[in-house]
Structures are given as C-alpha cells and as structure tokens.
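S.K.: Residue numbers (UniProt numbering): 1 to 261.
Idealized CB from N, CA, C, for every residue including glycine.
The structure displayed is predicted, hence computed values, not measured ones.
Dropping the structure in here first, questions after.
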C-alpha cells in the first residue's frame, strides 16, 4: 500500500494521533498556555471590587424641590419623604441601577428656596441643611435597604400583593456613622444633639434660627418615623388591602415582637 506523506511514514501530517490538535480546535483569542499567563504576570487595580454593594443617590436640587412645591406636586403641609418624591413622577429612580434614595443638592436654588418643609432624604450637604432650617423647616437623613426601596418604588403594586409591610433594616457599617451623626441630621442621632447642632449651624451661616415651637405646624415639623418604619401612619407587619379598604394588623405576640425589634 502507498505510504502517507508524513515525515515518519504516517498519515497524520504532524498533528499526532487523535486529540484536539487534529480537529482544528484553535485556542480563543488572547488565551495563553502555561501557569503564568499575561493577565496574572503583573499586578492590577481592582476597580470593580465591591461594586455590587455600592449605592448611588440621584441628585435633586433645591430648585427642583421648590418647583415641585409650587406646582402642587408636593404638599408642604405634610411630611415629605422618598415615597412622596417618587410619586411626583418627575424624579428618576431605578432600584436596579443601585439607586438608594435622594441626594438633596445645593447646586441650584439654595438662595431662592423659601418653603417650610419637614423633609426626609438619604443624603444632604451642610448648605442644604442650612437652607431648609433657615426657613423654619426640618430635615432628616435616613437609610432604606434594598427590599424597602423596591416597596417604595411602586407602593400600589406592593399593596396588591397582600404582603405585610416589611421592617426597615439598620444601615450597614460603611454609612452607620453618617446616620448617627447629629451634624448630618441622621435619623439615629440623639435629638438633643440635633437641637444643639441646629443652633451651631445657624451661627455659622449667620441667620436667626426660627423657633419651630412657635410654628402652627409644629406637630407636622416634628413628625418622625421609627427607625424600623417605612411609611408615615403605617407600622411594619400591617397588611393594607386596597380592595377592601382595610388594614390587617398582626395579633400574635411573636409577630409583634419581630416587627418592633
């Protein structure tokens, strides 16, 4: 029989006997053999380390907040929180983009803001706090976990599920100090320290601090949520039925203890 063209008389043409090399199974682009490839040969900067845990706070300027109030999209006679700001339909909020709440900024409108409000946001700078309190208002910075943010994003849809209102989780360690600080008006701060910091801030910015005790809206201005509470007037563990227009409250002691702890 006629011999093949291989160097040693075979018919594999230098590709060996069977195996991936004989079947045109080429290496993918950029692949390098050995135990010390290029991407491990040099040090690198972990730019995306912990990226899935990072939070983003979409900005809302004081001018936009004033516009929401002037156009009756927000009622200054009631406490303003994340749910009411989302319900305006003008604040772009996407939980899937790691949005974690409102960042109230002083970019535009810090000198023209004249509304007296009780507002709860997730992040605020010192000039913003001064602009709110200068008009006799109050501001609180509060944390919402990812599960509660999904509830707040579409409240009507959540109430149709028949699921109890969840309790709000405490902030993680990377922002716990911020929400316990009276200077940032954290919701976990001591109220006496907040009163002292209100006076200190007014002296720093040179305005006379209005006495909210003399305001006819004193009860509204001092209204605060419990650290576990998600909505004003609704407690964790309650089930809201939109169809029956009723609120179902837990009766078992272990449920009451769980949602209040």
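Need the endpoints of the beta strand (DSSP E) that residue 247 sits in, please.
M.R.: Residues 246 to 248.
S.K.: How many Å lie between residue 33 and residue 39 at the Cα?
M.R.: Roughly 12 Å separates the two Cα atoms.
S.K.: Note down, in chain order, each residue of its chain lying with its Cβ closer than 6 Å to the Cβ of residue 104, except the 5 sequence neighbours on either side.
M.R.: 60, 121, 124 and 128.
S.K.: Beta strand (DSSP E) containing residue 139: first to last residue?
M.R.: Here the beta strand (DSSP E) through residue 139 covers 138 to 141.
S.K.: Do residue 119 and residue 138 come within 9 Å of each other at the CB atom, strictly closer than that value?
M.R.: For residue 138 and residue 119, yes; Cβs fall inside 9 Å.
S.K.: For residue 166, which residues in the same chain have their Cβ closer than 8 Å to its Cβ, ignoring the five residues on either side in sequence?
M.R.: Counting only Cβ-Cβ distances below 8 Å, and skipping sequence neighbours, we find 147, 148, 151, 230 and 236.
S.K.: Short of 6 Å in beta carbon distance, which residues of its chain neighbour residue 145, apart from the five on each side in sequence? Order them along the chain.
M.R.: The answer, listed in chain order, is 169.
S.K.: Alpha carbon to alpha carbon, how far is residue 198 from residue 75?
M.R.: If you take the alpha carbons of residue 198 and residue 75, they lie about 24 Å apart.
S.K.: Measuring alpha carbon to alpha carbon, tell me which residue in 36, 47, 133 and 78 is nearest residue 210.
M.R.: Considering only alpha carbons, the answer is 133.
S.K.: According to the neighbour-count rule (16 or more other Cβ atoms, all chains shown, within 10 Å of its Cβ), is residue 99 buried or exposed?
M.R.: Result: buried.
S.K.: From the DSSP output, read off the bridge partner residues of residue 124.
M.R.: Looking at the DSSP assignment, residue 124 forms a beta bridge with 104.
S.K.: Quick check: the Cα distance between residue 164 and residue 20, rounded to an integer number of angstroms?
M.R.: C-alpha separation (whole angstroms): 58 Å.
S.K.: State the start and end residues of the unbroken beta strand (DSSP E) segment that holds residue 241.
M.R.: Here the beta strand (DSSP E) through residue 241 covers 239 to 241.
S.K.: So, are the CB atoms of residue 109 and residue 63 less than 9 Å apart?
M.R.: Contact: yes.
S.K.: What does residue 118 pair with, by DSSP beta-bridge criteria?
M.R.: 138, per the DSSP bridge assignment.
S.K.: Using only the alpha-carbon positions, how far apart do residue 205 and residue 126 sit?
M.R.: So the two alpha carbons sit approximately 10 Å from each other.
S.K.: Can you tell me which of the three DSSP states residue 32 falls into?
M.R.: Three-state result, residue 32: coil.
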